[in-house]
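Peer 1:
In the numbering used here, the protein residues as written are 141 to 326.
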């Protein structure tokens, strides 16, 4: 009786519109409802202390049909929701909502980075410092060009010494653990 009801429901209800997909979905629902029904029946009969296999079988099919109908109803409603969601007017709203969410996330990221920048200082506070730095740059470059010494480390000012490594000879800084400047020996 229960198997006939499940077969009748699966032949009447159309979830996806594709008979092969519906058959696969109903087979999965049938397996799930059977497994849940076995567990529910076992818990019920353990609670009342009776273990008559005929009564358990009848109750099992009743519970299984109920769970099958419930799961089928839920899946039909989910399928209807997705059909509704992907019809043109609603689909356009859905895409617009996704774009709106992406724009909000991007704006939040931008404002978060602006908060980080605002901690450094306002533009009016930074203007004199920036001008001074820009004016001093050519002077520093000119000083570096005039005072270039090939035996002095350009990073830390330490002495460069000749060393031999697995890839050949090179010049390395004497402040090695701190400064890791190396240059191939000419």
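For glycine and all other residues, C-beta sits at the position ideal for the given N, C-alpha and C.
Given the structure is predicted, the values throughout are model-derived calculations rather than measurements.
1) Can you tell me where the alpha helix (DSSP H) holding residue 202 begins and where it ends?
2) Please report how far the alpha carbon of residue 167 lies from the alpha carbon of residue 189, in whole angstroms.
3) With distances taken from CA atoms, which of 305, 156 and 181 is nearest residue 194?
4) With a cut-off of 8 Å on the beta carbons, I'd call residue 224 and residue 230 a contact; round off their distance for me.
5) For a test of the three-state rule: what should DSSP assign to residue 308, helix, strand or coil?
6) Exposed or buried, which one is residue 191 when buried takes at least 16 other CB atoms within 10 Å?
7) In whole angstroms, what is the alpha-carbon distance linking residue 235 and residue 212?
8) For residue 173, which option in 301, 300 and 208 has the closest C-alpha, if you only look at C-alpha atoms?
Peer 2: According to the structure shown:
1) First-last of the alpha helix (DSSP H) with residue 202: 193-225.
2) Taking C-alpha positions only, residue 167 is separated from residue 189 by approximately 32 Å.
3) When each option's Cα is compared against that of residue 194, the closest is 181.
4) In this structure residue 224 is in contact with residue 230, their Cβ atoms being roughly 6 Å apart against a cut-off of 8 Å.
5) Here residue 308 sits in strand by DSSP.
6) Exposed: under 16 other Cβ atoms inside 10 Å.
7) Between residue 235 and residue 212, the C-alpha separation is close to 29 Å.
8) Taking the Cα of residue 173 as reference, the smallest distance to any Cα among 301, 300 and 208 is reached at 208.
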